[in-house]
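A.B. asks: So for the sequence shown, the working numbering puts the first residue at 141; every next one is plus one.
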Amino acid sequence: MEKYNNKIAELRDRGFDIGSIIGLGNQNNGGEKAVCDHGILYASPDGLIFEVHGNILIKYQKLGESYSGLGFPRSDEMDDPELAGGKVSYFEYGKIRWSYPDEAQEEIYEHIELDELDPDSMLKEKLQTIANQSMDALRQDVDALKRKIMGSSNEAWCGKTVGYFYRLENTPKTTTLNFNSAHAVSRFGSYGTTDYYDTGHALAGERFENGKEDSEKKEQHVQARSTRKMIKFEDIQRGEGLDIWPGDIVLEDNKGAGGPDHIQIVYKWIPEKKLLLVIDGNGGGFALASSGKPHVESHMDKIGVDGIHRRDKKTWIEEEIGESLVFPGNVGEDTRIGITCHVLKPEHQISHADNPKEHKRIWAVVRPSLLDFY
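1. Roughly how many angstroms lie between the CA atoms of E243 and N195, to the nearest whole one?
2. One question on the structure: do V302 and I180 come within less than 7 angstroms of each other, judged by their Cβ atoms?
3. Under the rule that 16 or more other beta-carbon atoms within 10 Å means buried, what is S160, buried or exposed?
4. Where does K442 land, buried or exposed, given buried means 16+ other C-beta within 10 angstroms?
5. What do you get for G225, buried or exposed, if any count of 16 or more other CB atoms within 10 angstroms of its CB means buried?
6. Among E265, M275, R451, which one has its Cα closest to the Cα of W385?
7. Would you kindly work out how many angstroms separate the C-alpha atoms of L415 and P486, rounded to a whole number?
8. Would you be able to state if there are at least three C-beta pairs under 8 angstroms between the region 257-276 and the region 204-220?
9. So, under 8 angstroms CB-CB, L285 and A296 are touching, yes? Tell me the CB distance rounded to an integer number of Å.
10. Just the C-alpha distance for I158 and D177, rounded to the nearest angstrom, thanks.
11. Give the secondary structure of Q489 by DSSP, where H, G and I count as helix, E and B as strand, and everything else as coil.
12. Look at L308 and I376 and say whether their C-beta atoms are less than 7 angstroms apart.
13. DSSP three-state call for N422: helix, strand or coil?
14. May I ask you to list the residues that DSSP assigns as paired with D219?
15. For chain B, find out if any of its Cβ atoms is closer than 7 angstroms to the Cβ of I419; answer yes or no.
16. Can you give me the Cβ contacts of A429 inside the same chain, cut-off strictly under 8 angstroms, excluding the 5 residues immediately before and after it?
17. Give the DSSP-derived three-state secondary structure of D338 in the structure shown.
18. Three Cβ pairs or more, each shorter than 8 angstroms: is that satisfied between the region 366-376 and the region 494-514?
19. Let me check understanding here. Comparing Cα to Cα, which of Q363, L391, N272 lies closest to N318?
20. Below 8 angstroms on the Cβ atoms is my contact criterion, and I expect D388 with L267 to pass it. Report the Cβ-Cβ distance as a whole number of Å.
21. In three-state terms, what does DSSP make of T480?
22. Cβ atoms of S206 and Q167: under 7 angstroms apart, would you say?
23. At what residues does the alpha helix (DSSP H) containing H517 begin and finish?
24. Since C298 and G421 are thought to touch, with beta carbons under 8 angstroms apart, how far apart are those beta carbons, to the nearest angstrom?
25. For P259, does the three-state DSSP call read helix, strand or coil?
26. In this structure, does DSSP put N272 in helix, strand or coil?
27. Going along the chain, which residues of its own chain have a beta-carbon closer than 8 angstroms to the beta-carbon of Q201, five neighbours each way excluded?
28. Quick check on this structure: which residue in G211, V175, L197, G204 has the alpha carbon closest to the alpha carbon of D186?
29. Tell me whether H402 sits in a helix, a strand or coil according to DSSP, three-state version.
30. Curious, which full-length beta strand (DSSP E) runs of at least 3 residues does the region 141-183 contain?
31. Does T367 pass the burial test, meaning 16 or more other C-beta atoms within 10 Å, or should it be called exposed?
32. Hey, out of E247, K300, T314, whose CA is closest to I477's CA?
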């Protein structure tokens, strides 16, 4: 019962009350279901649990539930990205879509063997879309976008910016809540085992004790062949075989001794140059010249804490993206959504231990699981 209660609590946190469990039942190939007041929780043989309710549930039951050609659910009900106002639930071998006032309709995928599915390719495609959308944001009215992301809040908004880009790919709130702080991202990427603050606070949306691995969620991801990934500073310093994708989340450390304090999103990784292009909010990076932002030439001669000349960074980024950049001013004068870069070589990764007065390094690079999008 605990696994179902955990799912009920997760759904409630996301704003959907499926009610209490009123009965249990068996499903195909050793799967199970828990009938609730306002829907049914289906537990597949690989341990994944998803809800089905409303008109989509009616259609799923008519078809025979998991005994049908659809198989077990592979998502909770969500907004249909292809149909305004519509809803959709995804299954192993198809999906059911519904929009008022029509009856729900099923769509069975063309037959494919499960062993032929490539979760990494599916995840890489999603993350690349997110990276592309973050670059598209730089071509918009970035001041208006900043106000949209921040609302009336004056708090740091780098994590909110990353969460905004992920939500454009229909990422659920239970995932994007984990991007609101560097602390939360570190717990998210490590399944709860890495906590640089060591405060004892649990990560929002997860069900684990401080320092204890969320083994249930990790096992679900293992079964789906898509676990979260966390590349740490020590891995970066070794420098070989860094597996970094566009759309990954970057934790930057440039203040104090407590760990990372800024969140960015990977736009592009050029391994042969060890050059990492990132986009962030609440930062002081470059803006696209097409944005209309002013260029402050007097600030271009600064050499950063990482030992890299600002003018060099501008040139490198322009070569990679094929667009001209401007530098509107320092952080205190104009925090913005912008683009910058890091060089992941030891001589350009300066830790607090190396220089207590000034430092800048990549503390970690975090990648979600494919299941974090459902």
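Beta carbons: idealized from backbone N, C-alpha and C, even for Gly.
C.D. replies: Quick answer:
1. On the sequence shown, residue 243 is found 103 positions in, with the first residue counted as 1. On the sequence shown, residue 195 is found 55 positions in, with the first residue counted as 1. Taking the straight line from one Cα to the other gives about 7 angstroms.
2. Locating residue 302 in the sequence shown gives position 162, where the first residue counts as 1. Locating residue 180 in the sequence shown gives position 40, where the first residue counts as 1. Not closer than 7 angstroms, so no.
3. In the sequence shown, counting from the first residue as 1, residue 160 sits at position 20. Result: exposed.
4. The count along the sequence shown starts at 1 and reaches residue 442 at position 302. Looking at its Cβ environment, which holds fewer than 16 other Cβ atoms inside 10 Å, K442 is exposed.
5. Here residue 225 is taken as the residue at index 85 of the sequence shown, counted from 1. Looking at its Cβ environment, which holds fewer than 16 other Cβ atoms inside 10 Å, G225 is exposed.
6. If you number the sequence shown from 1, residue 385 lands on position 245. Of the candidates E265, M275, R451, the one whose C-alpha sits nearest the C-alpha of W385 is E265.
7. Indexing the sequence shown from 1 puts residue 415 at position 275. Indexing the sequence shown from 1 puts residue 486 at position 346. Near 13 angstroms, if we compare the C-alpha coordinates of P486 and L415.
8. no
9. Taking the first residue of the sequence shown as position 1, residue 285 is located at position 145. Taking the first residue of the sequence shown as position 1, residue 296 is located at position 156. The beta-carbon distance between L285 and A296, rounded to whole angstroms, is 16 angstroms. This is too long to meet the 8 angstroms contact definition.
10. Reading the sequence shown from its first residue, position 18 is the one you call residue 158. Reading the sequence shown from its first residue, position 37 is the one you call residue 177. Pairing I158 with D177, the inter-Cα distance amounts to about 6 angstroms.
11. In the sequence shown, counting from the first residue as 1, residue 489 sits at position 349. DSSP places Q489 in coil when its eight states are reduced to three.
12. Counting from one through the sequence shown, the residue named residue 308 turns up at place 168. Counting from one through the sequence shown, the residue named residue 376 turns up at place 236. Not closer than 7 angstroms, so no.
13. Stepping through the sequence shown from its first residue, residue 422 is reached at position 282. N422 falls in the strand class under three-state DSSP.
14. As a first step, residue 219 must be located in the sequence shown, where it is residue number 79. Paired residue(s): K227.
15. Annotation note: the requested chain B is absent from the structure, which comprises a single protein chain.
16. Counting from 1 along the sequence shown, the entry for residue 429 is found at position 289. Excluding sequence neighbours, A429 sits near H435, E463, S464, L465, V466.
17. Counting from one through the sequence shown, the residue named residue 338 turns up at place 198. Low confidence applies here, because D338 scores a pLDDT of 39, under 50, leaving its location unreliable; read the following figure in that light. D338: coil per DSSP, three-state reduction.
18. yes
19. For this step, residue 318 is matched to residue 178 along the sequence shown. The residue from Q363, L391, N272 with its alpha-carbon nearest to that of N318 is L391.
20. As a position in the sequence shown, residue 388 is number 248, starting the count at 1. As a position in the sequence shown, residue 267 is number 127, starting the count at 1. About 7 angstroms separates the two Cβ atoms, so the contact holds.
21. Your numbering for residue 480 matches position 340 in the sequence shown. Residue state, collapsed to three classes: strand.
22. Residue mapping note: residue 167 aligns to position 27 of the sequence shown, counting from 1. Residue mapping note: residue 206 aligns to position 66 of the sequence shown, counting from 1. Cβ distance < 7 angstroms, so Q167 and S206 count as in contact.
23. No statement about residue 517 is possible, as the shown extent of the chain runs from 141 to 514 and does not include it.
24. Residue 298 sits at position 158 when you count from the first residue of the sequence shown. Residue 421 sits at position 281 when you count from the first residue of the sequence shown. At roughly 5 angstroms, the Cβ-Cβ gap stays under 8 angstroms, so C298 and G421 are in contact.
25. Locating residue 259 in the sequence shown gives position 119, where the first residue counts as 1. Reduced to three states, the DSSP call for P259 is helix.
26. Reading the sequence shown from its first residue, position 132 is the one you call residue 272. Of the three classes helix, strand and coil, the one that applies to N272 here is helix, per DSSP.
27. Position 61 of the sequence shown, counted from the start, is the residue given in the question as residue 201. None.
28. Locating residue 186 in the sequence shown gives position 46, counting from the first residue. Comparing Cα positions, the closest option is G211.
29. In the sequence shown, residue 402 corresponds to position 262, counting from 1. DSSP places H402 in strand when its eight states are reduced to three.
30. 161-166, 172-176, 179-183
31. Here residue 367 corresponds to residue number 227 of the sequence shown, with the count starting at 1. It counts as buried.
32. Numbered from its first residue, the sequence shown carries residue 477 at position 337. Taking only the C-alpha atoms, the option nearest I477 is K300.
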